[in-house]
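In the working numbering, the protein residues as written are 1443 to 1581. Everything on this sheet refers to the single structure shown next.
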Ligand code: ADP
Ligand code: MG
């Protein structure tokens, strides 16, 4: 099933450096509508739960530390072809390989501290969005 929603979060490095507004502006200018938004500070355990799919990867512990190092801004976004178009907007995981003009090219510092998340499938967009917003009415 294809949906028109994706899940994103502005990560601790970008929030701490004051890029939240600039990043949301790029997202809206690219045609995405913000359906749900908040600011939260995860515990390491909550970050570990969110990234459980990566628990066998060598960077998992560092990733959990990084993602709980400061506040993040989770959002649900809406647009036609949302998942794929948002992955294009944010660029490659490693900013050194991200295309010019992408959010990671503009704001990411490293392959770990890469400014922003984007779901990789409709199924994961639903799971990840529910992780932060389940039970809350979305507009
Ligand atoms: P993406 O966020 O582009 O979907 P992945 O799902 O592969 O990338 O990885 C999840 C997150 O884990 C990345 O966004 C990044 O913060 C971190 N990460 C990925 N690969 C590495 C790596 N080789 N070293 C350190 N951190 C990494
Ligand atoms: Mg991923």
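Think of the CB as a built atom: it goes at the ideal place given N, C-alpha and C, for glycine as much as any other residue.
A residue is called buried once 16 or more other Cβ atoms fall within 10 Å of its Cβ, and residue 1567 is buried on that count. The alpha-carbon of residue 1520 is positioned some 11 Å away from that of residue 1472. Separation of residue 1560 and residue 1516 (C-alpha to C-alpha, rounded to the nearest whole angstrom) is 10 Å. Residue nearest to residue 1510 within the set 1522, 1499, 1489 is 1489 (criterion: CA-CA distance). Burial state of residue 1498 is exposed, judged by a 10 Å Cβ sphere holding fewer than 16 other Cβ atoms.
About 19 Å separates the beta carbon of residue 1524 from that of residue 1540, a gap too long to meet the 8 Å contact definition. Annotation: residue 1450 to residue 1532 spans about 10 Å, alpha carbon to alpha carbon.
Spanning the alpha carbons of residue 1512 and residue 1522 requires a straight line of approximately 32 Å.
Runs of the alpha helix (DSSP H) spanning 4 or more residues and lying entirely within the stretch 1445-1514 occur at 1454-1458, 1462-1471, 1486-1492, 1502-1509, in chain order.
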